[in-house]
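So the sequence shown is numbered by the working numbering: it starts at 1 and just counts up by one. Cβ atoms here follow ideal geometry from the backbone N, Cα and C, with glycine treated the same way. Because the structure is a prediction, the values reported are computed rather than measured. Notes follow the structure.
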Amino acid sequence: WGAKDADCTLLFRDPGALRELVLHPRLSCLADCYLSGAIEVEGELERVFGLGTHFIGLDLSMATRLQLLRLALSLPARVARASQDSPPARAGISQNSARSIARHYDVGNEFYALWLDPEMVYSCAYFASPEQSLAAAQRDKLDYLCRKLRLVEGQRVLDIGCGWGALSLWAARHYGVRVQGITLSRAQQRLAVQRVEAAGLADRVRIDLLDYRDLPADVRYDRVVSVGMFEHVGVRNFPRYFATVRRVLKPDGVFLNHGITSSSGWERTPLTRFMNRYIFPDGELARVSEVIDAMEAAGFETLDVENLRRHYALTLRHWVSALERSRDAAVARSSEFTWRLWRLYMAGCAYYFDEGSIAVHQVLAGQRHQATAVPLRRDDLYRS
């Protein structure tokens, strides 16, 4: 059924999937059917997430409900289950452990390289326009972060959750700073070290497999930056996280925290349970107000807050398109299940960033009443 030129088409490979969607009309059921291969989605997968509102708004008569129930029960039960291939449910909440980080980031460097930009940036880009290329927008984002930090040659920088080293390399190469990047992913650290050596920056960039909670007590940095790691910290760990950053930041230093936020916090819903089971075992989003409250409670002064929500929706659509184009290679480097999972996860995130229930905020802060490194005006952020 449906128009041949539809933006998105659902193909039922298993009649049991239709049975389950009639009996359980919710997105989590549809997602499970897609992951197991019982349903194929052709076209724009992001459009599927609009069905959540459709399911909630269904208002069928009792006669129609009974007829659908009778027809659904006449179909055979679904054979394949996504849980056969899925990772185990998370062991605990907000532990930010190496094991939980590895579940997401150690899928394989080659897998991520198929759909990320050449710099290997796994966070939202900074677009001048929707038509700008992902590669150019990611370069602009890296430089924008450096300008926000007001980097000066010779400064010492800590990059918490450095990923594959993109920001660490950019800051050292273009701003002459010395950077220590830390990550909990062995796969990321291994490639980041190789990239540092290939760039000839081993004298200025160091990538360590290190938990931020294990930073030495006597170390101090001029600047601290964290991009895309904050989502793993967990609200209950905010006091320790921000206290640690404040401890290692020099009195006149600047701290930039870039992370995804939620307009409603991390409520326990089928969608958040899906994310914790399949994507981020320890993932937990907070309201931006909670983030700023926690930073100020730790002794920081908020200097600048910017929402890049629309930029993340654009970034995710680039990633999904590249992943779809690289399906065969992605499956060969991981699995059919992983390819489906990342396609579903990123398309869903694009939908919810566009819809506005999640956002991404950059919060710039300094030690309370000592942030003299930041100019009186913001003109320097927008120089060409």
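| To the nearest whole angstrom, what separates the beta carbons of L169 and R206, a pair I think is in contact under 8 Å? | With a Cβ gap of about 12 Å, L169 and R206 do not count as contacting.
| Residue nearest to L430 in terms of C-alpha spacing, selected from R247, A135 and F353 | As displayed, the chain neither begins before 1 nor continues past 384, which places residue 430 out of reach and without an answer.
| field | Straight-line gap, L21 to G348 (C-alpha atoms, nearest Å) | value | 18 Å
| said: Is the separation between the beta-carbon of L209 and that of R178 shorter than 8 Å? | reply: no
| said: Does the structure place the region 65-82 close enough to the region 4-24 that three or more beta carbon pairs sit under 8 Å? | reply: yes
| task | Tell me whether the beta-carbon of L303 lies closer than 8 Å to the beta-carbon of V360. | result | no
| Using the beta-carbon count (16 or more within 10 Å), is D14 buried or exposed? | buried
| Skipping 5 residues on each side, what residues in its chain have a beta carbon closer than 7 Å to that of L10? | If we look at L10 and ignore the five residues flanking it on each side, its Cβ neighbours are I39 and V41.
| query | When the Cα atoms are used, what is the spatial distance from I279 to L285? | reply | 13 Å
| query | If you scan the region 238-271 from start to end, which runs of the beta strand (DSSP E) of 3 or more residues do you find wholly inside it? | reply | The qualifying runs are 249-262.
| query | What residues are listed by DSSP as bridge partners for T183? | reply | L209
| task | Mind reading off the beta-carbon distance from Q367 to L249? Whole number of angstroms is fine, and I expect it under 8 Å. | result | 7 Å
| field | Those residues which DSSP pairs with P12 across a bridge | value | Note that residue 12 corresponds to Phe in the displayed sequence, not to Pro. In DSSP, F12 forms a bridge with I39.
| How many angstroms separate the CA atom of D59 from the CA atom of C29? | Near 19 Å, if we compare the C-alpha coordinates of C29 and D59.
| field | L323 versus T372: straight-line alpha-carbon distance, rounded | value | Between L323 and T372, the C-alpha separation is close to 44 Å.
| task | Could you tell me whether the region 148-159 touches the region 116-133, using the rule of 3 or more Cβ pairs below 8 Å? | result | These segments do not touch.
| query | For R90, which residues of its own chain have a beta-carbon under 8 Å away from its beta-carbon, when the five flanking residues on both sides are left out? | reply | Confidence in R90 is poor, its pLDDT being 43 and thus under 50, which makes the residue's placement unreliable; the coordinate value appears in the next sentence. Hits under 8 Å: S100, N276, R277, P281 and D282.
| For H361, the residue or residues it bridges with in DSSP | G259 and N307
| query | By Cβ distance, which residues of its chain are closer than 6 Å to F255, with the 5 residues on each side in sequence left out? | reply | Here the set comprises V224, V245, L249 and A365.
| message | Quick check on K4: buried or exposed, where buried means 16 or more other Cβ atoms within 10 Å of its Cβ? | response | It is exposed - the Cβ of K4 has fewer than 16 other Cβ atoms within 10 Å.
| said: Given this structure, state the Cα-to-Cα distance separating D143 from Y382, to the nearest angstrom. | reply: 11 Å
| Thinking C-alpha only, which one of G259, S263, Y126 and V219 is nearest F238? | G259
| message | Tell me the rounded alpha-carbon separation between A329 and V157. | response | Going from the Cα of A329 to the Cα of V157 covers about 36 Å.
| Distance, Cα to Cα, H24 vs G299? | 48 Å
| task | Could you pull the start and end residues of the beta strand (DSSP E) that S292 belongs to? | result | The sequence given here places Ile at residue 292; Ser does not occur at that position. Segment V288 to A297 is the alpha helix (DSSP H) holding I292; no beta strand (DSSP E) there.
| query | Three-state secondary structure (DSSP) at D354? | reply | helix
| said: Taking the alpha carbon of P251 as the reference point, which residue from H104, Y221, D140 and L314 has its own alpha carbon closest? | reply: With distances taken between CA atoms, P251 lies nearest to Y221 out of H104, Y221, D140 and L314.
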